[in-house]
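Counting from 32, one number per residue, gives the positions in the sequence shown under this note's numbering. Yeah, the Cβ is synthetic: ideal placement off N, Cα and C, and Gly gets one too.
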Amino acid sequence: MSNNGPGVTSSVDNALRLIELIGERQALRVSDAAVELGVAPSTAHRLLNALRRRGFVLQEKPNGAYRPGPVLGEIGLAAIGRVDIRQVARPVLEDVRDRTQETVSLSLLEGRNVRFIDCVESPRAVRVGDRTGVVMPAHCTAAGKAILAAMPEAELSRRFAGHELATRTENSVTDWPALRAELEEIRRLGYAVSMEEGERGISAVAAVLRDRAETPLASMAVVVPALRLTARADARKLADDLIASRDGLQERLRQG
Numbered sequence: 032m033s034n035n036g037p038g039v040t041s042s043v044d045n046a047l048r049l050i051e052l053i054g055e056r057q058a059l060r061v062s063d064a065a066v067e068l069g070v071a072p073s074t075a076h077r078l079l080n081a082l083r084r085r086g087f088v089l090q091e092k093p094n095g096a097y098r099p100g101p102v103l104g105e106i107g108l109a110a111i112g113r114v115d116i117r118q119v120a121r122p123v124l125e126d127v128r129d130r131t132q133e134t135v136s137l138s139l140l141e142g143r144n145v146r147f148i149d150c151v152e153s154p155r156a157v158r159v160g161d162r163t164g165v166v167m168p169a170h171c172t173a174a175g176k177a178i179l180a181a182m183p184e185a186e187l188s189r190r191f192a193g194h195e196l197a198t199r200t201e202n203s204v205t206d207w208p209a210l211r212a213e214l215e216e217i218r219r220l221g222y223a224v225s226m227e228e229g230e231r232g233i234s235a236v237a238a239v240l241r242d243r244a245e246t247p248l249a250s251m252a253v254v255v256p257a258l259r260l261t262a263r264a265d266a267r268k269l270a271d272d273l274i275a276s277r278d279g280l281q282e283r284l285r286q287g
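This is the structure we're talking about:
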């Protein structure tokens with residue numbers, strides 16, 4: 032006979048909600064966790080410590096905020112399939128880099144954010160550096176917007192309940208209807224563009240990678256100094272190079 036009663040179920044639900052919040056916000060304090068869950072701070076602290084012991088979250092200093100732990104990254108990669116997407120994608124990233132002479136990255140979505148999980152740098156003197164490990168609001172990057180545009184409407188609404196959008200630069204999209212309109216345009220074009228929306232001086236073009244069920248897995252992006260991509264219309268050539276390689280990589284991942 033199982034001893035799992037309502038209290039156990041509630042604790043599991045709360046722990047899962049904390050994992051969602053950590054993924055979305057990238058930093059969560061005990062007080063904020065307690066408010067979100069509607070529990071006492073001591074309960075939130077106990078749940079966060081349990082997640083910390085299992086590697087789901089990290090705490091850099093006592094009484095500090097909790098951040099995503101290594102297990103979350105491992106789960107994200109494992110969900111893609113048995114093969115490590117980075118290993119399969121690396122030759123494709125290098126090929127796009129060689130053809131465009133620009134930095135090329137591979138990214139995963141984490142809550143409302145995007146994490147760059149691999150990158151190959153441009154050989155040019157003026158270039159965007161390695162972005163591996165960088166986390167940014169998804170709607171402020173071409174990589175993130177490419178994935179968001181491929182999501183079902185219900186999932187998009189769940190992740191952005193409240194329609195609050197972070198601001199990184201004066202070019203960041205901060206209005207929900209404007210973001211929705213841009214995501215629709217991305218679906219029509221087949222690629223996403225960011226014009227200094229996440230960081231000043233950096234622009235990008237990205238395309239989504241989907242699995243056999245058409246679920247968005249990740250995205251590839253060509254990341255360039257803004258001085259080499261001064262208008263959205265100029266993104267078409269980079270997008271053509273990117274999409275051709277993306278299609279081949281996507282097929283390999285689907286077979287794996």
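Check                                                                                                       : Outcome
Residue from L179, A192 and P72 whose Cα sits closest to the Cα of T246                                     : L179
Coarse secondary structure for D149, derived from DSSP in three states                                      : strand
Sub-9 Å separation of L220 and A173 beta-carbons                                                            : no
Outcome for K176 when other beta-carbon atoms lying within 10 angstroms are tallied against a minimum of 16 : buried
Segment contact flag, the stretch 222-238 with the stretch 114-129, C-beta cutoff 8 Å, min 3 pairs          : no
Distance between beta carbons of V204 and L228, contact taken as under 8 Å                                  : Note on identity: in this sequence residue 228 is Glu, with Leu being the wrong assignment. Yes, they are in contact, since the Cβ atoms of E228 and V204 sit about 7 Å apart, within 8 Å.
Pairwise C-alpha distance: L59 and R243                                                                     : 35 Å
According to DSSP, residues forming a beta bridge with M251                                                 : L137 and A238
CA-to-CA distance, S41 to G279, given in whole angstroms                                                    : 44 Å
Three-state secondary structure assigned by DSSP to I111                                                    : Low per-residue confidence applies at I111: pLDDT is 49, beneath 50, and the placement is therefore not dependable, though the value from the model is reported in the following sentence. I111 falls in the helix class under three-state DSSP.
Contact set for S276: own chain, Cβ-Cβ below 7 Å, skip 5 residues either direction                          : V123, D126 and V127
Per DSSP, cross-strand counterpart(s) of M182                                                               : Answer by DSSP bridge pairing: none, since M182 is not bridged.
CB contact flag (Y222, A212, <9 Å)                                                                          : no
Straight-line Cα distance separating L214 from R83                                                          : 35 Å
Segment contact flag, the stretch 187-202 with the stretch 149-166, C-beta cutoff 8 Å, min 3 pairs          : no
Cβ pair A264, M226 closer than 9 Å                                                                          : no
Test item: CB-CB of M251 and A120 under 9 Å                                                                 : yes
Burial state of R267, where buried means 16 or more other Cβ atoms lie within 10 Å                          : exposed
Check whether R241 and Q281 have beta carbons under 9 Å apart                                               : yes
Inter-residue spacing [alpha-carbon to alpha-carbon] between L140 and A209                                  : 21 Å
Sub-9 Å separation of E186 and R155 beta-carbons                                                            : no
Alpha carbon of V159 to alpha carbon of M182, nearest angstrom                                              : 28 Å
Proximal residues to L260 (C-beta, below 6 Å), its chain only, five neighbours per side dropped             : S234
Euclidean distance between Cα positions of L49 and R130                                                     : 43 Å
Cβ-Cβ separation, V151 to V135 (assumed contact under 8 Å), whole Å                                         : 5 Å
Close beta carbons around V253, own chain, < 6 Å, minus the five adjacent residues each side                : T131, E133, V135, V236, L269 and L273
Whole-Å CB distance - V88 paired with G100, under 8 Å assumed                                               : 5 Å
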